[in-house]
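Just below is one structure, and these are the notes that go with it.
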Amino acid sequence: MALSECSLEMLQRLGIKSVDELFRDVPKEIRIDGLKIADGLSELELKREMAAMMAINIAASDMPSFLGAGVYNHFIPSAVKAIASRSEFVTSYTPYQPEISQGMLQALFEYQSFMAELLAIDVVNSSMYDASNSLGEAILMSHRITGGKRFLLSRAISPEKKAVARTYAKGADIELDEVGYDPVSGQVDLGDLKAKLVPEVSGFYFETPNYFGPLETRAAEIRGILGTKTMVVGVNPMALALVRPPGEFGADIIIGDGQVFGVPMDFGGPMIGIFGCKTEHVRKMPGRLIGLTVDSEGKPAFCMTLQTREQNIRRSKATSNICTNEALLGVVVAAYLSVVGRSGLRRIASRNIENMDLLAKRISRVSGFVAPHFKSAHFNEFVVTSKADPAEIHSHLLSNGVHGGHILKHEFPELGNAALYATTEMHTKADHDKLIEALEGIR
Amino acid sequence: MTYRQATHDVPTVFESRERPLQDENFDGTVGGLLPEELVRKELDIPDLPERDVVKHFVNLSQMNFGVDNGIYPLGSCTMKYNPKVCDEVVSWPTVADIHPLQDQSTVQGALRLMYELERLLAEIGGVDAVTLQPAAGAQGEYTGIQIVRAFHESNGEERKEVVLPDTAHGTNPASAAMVGYDVLDLPSKDGCVDIEALKAAVSEDTAAFMLTNPNTLGIFEKDVREMAGIIHDAGALLYYDGANLNAIMGKTSPGKMDFDIVHFNLHKTFATPHGGGGPGSGPVGVKRPLEGFLPVPRILKRGEVYSLDYDCPKSIGKVRAFYGNYAVLVRAYAYIRMMGGNGLASASENAVLNSNYLKELLKGDFELPFSDLRKHEFVLSGRPLKAKGLRTMDFAKRLLDYGFHAPTVYFPLVVDEAIMIEPTETETKETLDDFAEACKAILKEDPEVLRTAPHNTARRRINEAKAARDMILSWREYKKKAANQTSA
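Residue numbers (numbering that gives the first Met the number 0), protein chains in the order written: chain B, 0 to 442; chain H, 0 to 487.
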């Protein structure tokens, strides 16, 4: 290391001759001689190199894409980006010193408040990693609430979530079982739910809209069937601008992903796991909570609260191991919802439903295609079934500059030739035209 | 002292009187596409002009302290400066506007970056294979301990215990418990692992030993190889908590110390910003025999083509949807490439130099448990404050008044009134001198000034007990409780 004048002074103060002496406590037999990593790049070199590397990605702006399945391409207002890039937010740590961190704390309280309002539930924590992590934690929390060592998952959820749920359930030695969906409506098969609801079941997770797009119309009946067992519901929070929230049906835990509110797709991460529950369960919930209080002068103030549930205090008895979460994205979500407001949010959500309906109808008019496959109300996503193999359709679309929906054939063989299409307010008529023209070109 | 944090009265957005008129003409069914029974009636969200929203959040940001405002010496948190170019790169559409389920031929740049980042981290960690999937350090630990369990199960063994020192981060025992293990706390001796106690604790029931080196006191555990021998002889695995990796890059590595599994905190060592608590990223590296247990998908390179491989029968499965916190990975990749191998080694050297220098400046004014060198951080005891009826927290709050973020306090638990300081390599001698001056000045101040600190921040000492008692966790609850009070 080339020593600066200051470094030299510091070494002298320590009575040490060289920087190497600072590492004399690292025994020789475990020393390494530097790293086999190329020399550093200048900022200019770095940008040139990374721009070239990334140029071979095809972004959504360069190719209409109809992928959803948990990550959605929505418009992000410039004001949201400006707020999210305030470096006082970006470069702060977890607000352990609340007096000097009121900005982040209030923004997170507002995030919690927006989510509590949308979900119609009392308590929402200040974030989990993503919806799949929220699900894994909800399974563990359901066990803490009712004690059962078995948990039911709707079959109509994403394979990504199922995989994460399996990992978390295994850690706690909880058995998972699956509840089927109605082949016509795509909604929960209530008969199957009743059949699977054995005494050791702690709770049941289903989604509205579910992985296939249908909105669940029988949440109240599900609540009745579950009785005292935990009702865990997954949502697309944007749909809740228009759709009755699970909180109104007595859900115990509500989860989802806030990515739809101003967070770029970013190849699937970071996202922001929403986690809400009834007040009666709050001491069993994972994650950080921001509460309203006052300072010594009586002014309203915010701080982290109920930390005795958390790992830094409770260690192995904590409700979860989560420490770092997705706080900055909580600010993004709060900023997004503030910017679009109630009117804007309802307009955007309406546009998603309308666009979905338009696109599904147009696809259905193409010979050899049916959309939506399920007979239910949808939000912005739906299953398309086809005579042709979806893999062939996919290749054909890609060669025509369109990215088709996500192929379901392997994940849900019972659906046959099926793919999952999403459309949002980002798609113009021209984007839909391009898809339809390409589909019509399939022989 | 001239610091004064901006103080605004910023009501929550929900208190705004800018409310939409009852929009009676709004069609909640969206032209009949939503059945009546699903139509939402109430939604209490304000409609604010963009001008007011920006004002609201900018004023809030001014009441928040980040690394960009000044030194943030939280021990074990590695709050180093975050180079701005890393944020800019992430905003490019070719980086941000790609979907995780896109055809792999359309995301070759992203896959290549992730593959190369895995290789870079493997080199730094001295391991053979890396997954980028875990979303944070704690999820990295969780992944690592799931691998421990899968490893033992693959050998037909059901071991029950994870051993860790009493200086461990709280996430360690919490993660081990979530994977179904009993946790055995090992008392330290002279600030380090007590080898004899370790020998006595380890048995055929031991699944793993979790350790960070340097430990949370900033002391390098010299006997780490001997510990590794004890653990491996018992058939258990050695887990490295990477929270303190910033001290050793290019000098030694977890792999060289014989650790089997290691997690990296990209939001610490690799300069990705902390965002007020996240997003972070917690990649996990393993030695070759454990590679098959890593989460799916793995990233493969054949010729110049990158792909995702889900065909890993021994894998623990998934801990997170898709591939990890990619936008954080991109920042870390940019940082590592910009630093280069030599730059990373220099970063560790400067981090250790800064830590020891600051320790030297302060040790006479506080108690310094355990002697000799520290690595990237050190822990003082605020016990001398007790004579004046003060506690470490009073000192920490008073530091805020000087425009310095406080160190971590009351951790690790083995030091009474702990003050845990990690200056990082990105602070200059001048800043460290100023910080030390402030610490010394505070000790000479009227105790009452400390007891009532902070004075110059957006809010004065906050009543945390009231927050826990009242449990107002959302505006919705606030409204409910206010309504109840009015009616009562």
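No residue lacks a Cβ here, since even glycine has one placed at the ideal position from N, Cα and C.
- Judged by DSSP in its simplified three-state form, B:Y71 adopts coil rather than helix or strand.
- Using beta-carbon distances, H:V448 does not count as an interface residue toward chain B, since no partner is under 9 Å.
- Along the stretch 86 to 98 of chain B, going in chain order, the ones with a CB nearer than 9 Å to a CB of chain H are S86, E87, F88, V89, T90, S91, Y92, T93, P94, Y95, Q96, P97 and E98.
- Residue-level contact check: H:D240 does not touch chain B, since none of the beta carbons of chain B fall below 9 Å from its beta carbon.
- The beta-carbon distance between H:S60 and B:G102, rounded to whole angstroms, is 5 Å. This is short enough to meet the 8 Å contact definition.
- Interface annotation, H:K465: in contact with chain B, CB-CB separation under 9 Å.
- Distance from B:L151 to B:D188 at the Cβ level is roughly 12 Å; contact not present, criterion being Cβ atoms closer than 8 Å.
- For H:I441, the CB contacts under 8 Å within the same chain, skipping 5 residues up- and downstream, are F394, R397, L398, Y401 and L449 in chain order.
- One alpha carbon belongs to B:S126, the other to H:G284, and they sit about 26 Å apart.
- Those residues of the stretch 282 to 315 of chain H placed with their C-beta closer than 7 Å to a C-beta in chain B are I315, ordered along the chain.
- Assigned with DSSP and collapsed to three states, H:I420 falls in strand.
- When 9 Å is used as the limit between beta carbons, H:A405 is near these residues of chain B: Y95, Q96 and I99, in chain order.
- Neighbours of H:D46 in chain B, taken as residues at a C-beta separation under 7 Å, are given in chain order as G340, R341 and S342.
- Just measuring C-alpha positions, the residue of B:V281, B:A326, B:G297 and B:T216 sitting nearest B:I144 is B:V281.
- Cβ neighbours of B:A333 within its own chain (closer than 7 Å, five residues either side excluded): A106, E109, Y110 and F113.
- Just measuring C-alpha positions, the residue of H:S104, H:N24, H:L32 and H:T142 sitting nearest B:I57 is H:S104.
- According to DSSP, B:A417 shares a beta bridge with B:T384.
- Proximity of H:R3 to chain B, defined by a Cβ-Cβ separation below 9 Å, is not satisfied.
- With a threshold of 16 other beta carbon atoms within 10 Å, H:K267 meets it and is buried.
- H:M338 sits in a helix when the DSSP states are folded into three classes.
- A distance below 9 Å separates the beta carbons of B:T422 and B:N351.
- Assigned with DSSP and collapsed to three states, H:L216 falls in coil, not helix or strand.
- Take H:L112, set aside five residues on each side of it, and the residues of its chain with a beta-carbon closer than 6 Å to its own are Y332, in chain order.
- Proximity of chain H to B:S133 at the Cβ level (cut-off 8 Å) is not reached, the minimal Cβ distance being about 10 Å.
- The alpha carbon of H:K385 has as its nearest neighbour, out of H:V378, H:E416 and H:F369, the alpha carbon of H:E416.
- Distance between B:A168 and H:D8, taken at the CA atoms: about 46 Å.
- Per the coordinates, the alpha-carbon of H:A242 lies some 7 Å from the alpha-carbon of H:C76.
- The three-state secondary structure of B:G246, taken from DSSP, is helix.
- Spatial neighbours of H:M256 in its own chain (CB-CB distance under 6 Å, excluding positions within 5 residues in sequence) are listed in chain order as V223.
- Listed along chain H, the residues sitting closer than 8 Å to B:S6 by beta-carbon distance are N349, L352 and K428.
- Look at H:G228: its C-beta is not under 9 Å from any C-beta on chain B.
- Taking the Cβ atoms as the reference, B:H377 lies roughly 7 Å from B:L214, within the contact range of under 8 Å.
- Rounded to whole angstroms, the gap between the alpha carbons of B:M230 and H:L183 is 35 Å.
- For B:P26 and H:K221, the gap between their C-alpha atoms comes out near 6 Å.
- Taken in chain order, the complete beta strand (DSSP E) segments of 3 residues or longer contained in the stretch 125 to 211 of chain H are 128 to 130, 160 to 164, 181 to 185 and 205 to 210.
- Nearest to H:M226 by C-alpha distance, out of H:I247, H:E203, H:C191 and H:I218, is H:C191.
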